[in-house]
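Heads up: the sequence lines are chains A and B, in that order. Per our numbering, the first sequence starts with residue 1, numbered consecutively. Per our numbering, the second sequence starts with residue 1, numbered consecutively. From the three backbone atoms N, C-alpha and C, an ideal C-beta is built for every residue, glycine too. A quick write-up on the structure given underneath.
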Amino acid sequence: MAARGTNPNFMNGVPELLILRLLQQEEMYGYEIVQAIRDRTDAVIAVGEGVVYPVLHGLERDGALKSRRKTVNGRSRIYYSVTRAGSRRLADLSKDWSNLMGAIQKMLTGGQHAQVIA
Amino acid sequence: MPKSLHELREQLLRAGVAPRHVRRYLAELADHLADLKAEEERSGRSPADAESAAVIRLGNMNDLSRAMTERREFQSWSVRAPWVMFGLAPILFLAIAWCVALLILWSGWQIFLANTDSPFVPVDGFAIFYFGVGRLLYFIAPILVGWGIGLIAARQRLKAIWPTLGLVLIALMGGAARVQASRTAVSGGLGHIRMDFALGPSVQGSLFHALVIFSLAVLPYIIWRFQKVRFFPA
C-alpha cells in the first residue's frame, strides 16, 4: 500500500490556495488581494494584511506567479498573475482541500451516526 | 517610510534575509500601508487615527518579520553559506584580479622589454604607465576585495566573525604572495611568470605587509560599525 502524506497543519496551503484562485480570475496587487479575500469569505478568513507578501514572493519564486510593475493613478504597483505552473498547483491544492473537506464531513456525519447507535 | 518599517528592515537584515527581498517587501508594505490609511481616512478618521489604524491592520512587526524569516528561500547567501561568501568568493575575485595584473606584466615584458631577462627593471615612457596599471591592480586587489567583504557585511548587518575571517585570509594571501619571472632556456623564448605564496624570506616583512593590507581593507567596515553604534545604538 502506498504511503500517504501526513497533514500536520490543516491550514497549510490555504493562503496559497486562496491567492492562486483569486489571481486566476484577474491580476491584482497585494492590497486588492487582501480586500478580495476578506470580501469573498465574508471576513471569515482574515489574513494578516502584510503577511500576504511573503506568500506572494514565495509563489513567484516557485514559478506559480509572475509579477509586473504597473502605474495606476500615478502610483506604481506590483501586479501578480498566475502562470501555467500556478494553474497546475491550484488544481492540486483544490483537489487536496476537497479531499480533506470530504473526509472531515464524513467524520462529522459518522460521529453523529455512532452517537445515535450508542 | 514609517519608523516601524525602518525597525522591521533592521530586524529582517539582522535575521539574515537578503537585502533585495527586504527592499521589495518593505516597498510593498509601504504601498499597502498608504492604501490602508487612505481607506481609513475615507471612512471618516482623522489622518493621525487613520495612520494608527492602518499600522494595526498591516500586522504587528513580529508577525511581519516572522513571515519572512521562517522562509529559508529568502535568506541571503552570506547566512546560508558564509564560507562561500567570505572564503571562496574573495579568493576567486583575488585570483581573477591577480591573473589580470600578471597578464599585464607578462605582455608589457614582451612588448617593452623583449631583450631583458626580467620585467623588474627600470622603464621609461609609456611603459611606466603600462606596468604601473598592472602593479596598482596587483597591490590594490586585496584591499578592494576586503572593501567588498566589508560592504556585504555592512549591508546585511552581519556579525563580525565571518567578515573578519575573510579579511584575515585575504590579508595573509596578499602578504605571502610572491611574483617571479624568468626567461626560458631557449634563446629568444617567451618569458615565464610564476606566482607562489611563502612567509619568507622575511617572515616579519610578510606579516607586516599582511597587517597593512588588513588595516586598509577593514577600515571602511570599522567606520561603518562605529557610525552604527553612534547613530543606531542597540
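Exercise for review: Would you verify that the beta carbon of His-32/B is, or is not, closer than 7 angstroms to some beta carbon of chain A?
Suggested key: Nearest CB-CB separation between His-32/B and chain A: below the 7 angstroms threshold.
Practice item. Run down chain B in chain order and give the residues with a C-beta less than 7 angstroms from the C-beta of Gly-58/A. Key: Below the 7 angstroms Cβ cutoff, chain B contributes Arg-71 and Glu-73 as neighbours of Gly-58/A, in chain order.
Review point. Considering only residues of the same chain and omitting the five flanking positions on each side of Val-121/B, which have a CB-CB separation below 8 angstroms?
Key: If the five residues before and after Val-121/B are omitted, its C-beta is found closer than 8 angstroms to the C-beta atoms of Leu-113, all from its own chain and listed in chain order.
Review point. Which residue's Cα is closest to the Cα of Ala-160/B: Leu-26/B, Leu-137/B and Tyr-221/B?
Key: Ala-160/B has its Cα closest to that of Tyr-221/B, out of Leu-26/B, Leu-137/B and Tyr-221/B.
Point to revise | Other residues of its chain near Gly-108/B: CB distance less than 6 angstroms, five sequence neighbours each side excluded | key: Taking Gly-108/B as the centre and dropping the five residues before and after it, the same chain places the C-beta of Tyr-130 and Phe-131 closer than 6 angstroms to its C-beta, in chain order.
Point to revise | Under 7 angstroms (Cβ pairs) to chain B, residues found in the region 99-111 of chain A | key: Flagged: no residues at all.
Point to revise | Closest residue to Arg-9/B among Ala-38/B, Thr-69/B and Gly-150/B (Cα-Cα distance) | key: Arg-9/B has its Cα closest to that of Thr-69/B, out of Ala-38/B, Thr-69/B and Gly-150/B.
Check your understanding: For the 8 angstroms Cβ check, are there 3 or more pairs between the region 171-179 of chain B and the region 195-214 of chain B?
Key -> Yes: the two stretches touch, three or more of their Cβ pairs being nearer than 8 angstroms.
Review point. Apart from the five residues on each side of it in sequence, which residues of its chain come closer than 7 angstroms, Cβ to Cβ, to Leu-216/B?
Key: So the list reads Ile-143, once near-sequence residues are dropped.
**Study point:** Euclidean distance between Cα positions of Ile-152/B and Ser-76/B
**Key:** Their Cα atoms are separated by approximately 10 angstroms.
Check your understanding: Smallest Cα separation from Val-133/B: which of Asp-117/B, Ile-111/B and Ile-104/B?
Key -> Of the candidates Asp-117/B, Ile-111/B and Ile-104/B, Ile-104/B places its Cα closest to the Cα of Val-133/B.
**Study point:** Best match in Ser-202/B, Ala-154/B and Gly-125/B for proximity to Val-218/B [C-alpha to C-alpha]
**Key:** Comparing Cα-Cα distances from Val-218/B to each of Ser-202/B, Ala-154/B and Gly-125/B, the minimum goes to Ala-154/B.
Check your understanding: Is the shortest distance between the beta-carbon of Pro-15/A and the beta-carbons of chain B less than 7 angstroms?
Key -> For Pro-15/A, the answer is no, since every Cβ of chain B falls outside 7 angstroms of its Cβ.
Check your understanding: What are the residues that DSSP puts in a beta bridge with Asp-196/B?
Key -> DSSP, once it has assigned bridges, lists Arg-178/B as partnering Asp-196/B.
Check your understanding: Is there a Cβ from chain A that is less than 7 angstroms from the Cβ of Arg-45/B?
Key -> Residue-level contact check: Arg-45/B does not touch chain A, since none of the beta carbons of chain A fall below 7 angstroms from its beta carbon.
Review point. Name the DSSP beta bridge partners of Met-28/A, please?
Key: By DSSP's assignment, Met-28/A forms a beta bridge with Tyr-80/A.
Review point. When you compare only the Cα positions, how much space is there between Pro-2/B and Arg-20/B?
Key: For Pro-2/B and Arg-20/B, the distance between alpha carbons rounds to 19 angstroms.
Review point. Beta-carbon of Ala-67/B versus every beta-carbon of chain A: anything under 7 angstroms?
Key: Yes, contact with chain A.
**Study point:** Leu-5/B beta carbon less than 7 angstroms from that of Gln-156/B
**Key:** In this structure, Gln-156/B sits away from Leu-5/B, with a CB-CB distance that is not shorter than 7 angstroms.
Check your understanding: By how many angstroms is the C-alpha of Gln-35/A removed from the C-alpha of Gly-44/B?
Key -> Counting only the Cα atoms, Gln-35/A lies some 19 angstroms from Gly-44/B.
**Study point:** Three CB pairs or more closer than 8 angstroms across the region 94-101 of chain A and the region 53-70 of chain A
**Key:** Contact between the region 94-101 of chain A and the region 53-70 of chain A is not established, with fewer than three Cβ pairs separated by less than 8 angstroms.
Review point. Apart from the five residues on each side of it in sequence, which residues of its chain come closer than 7 angstroms, Cβ to Cβ, to Ala-103/A?
Key: So no residue of the chain qualifies.
Review point. Could you give the distance in angstroms between the alpha-carbon of Leu-94/B and the alpha-carbon of Leu-26/B?
Key: In a straight line, the C-alpha of Leu-94/B is about 35 angstroms away from that of Leu-26/B.
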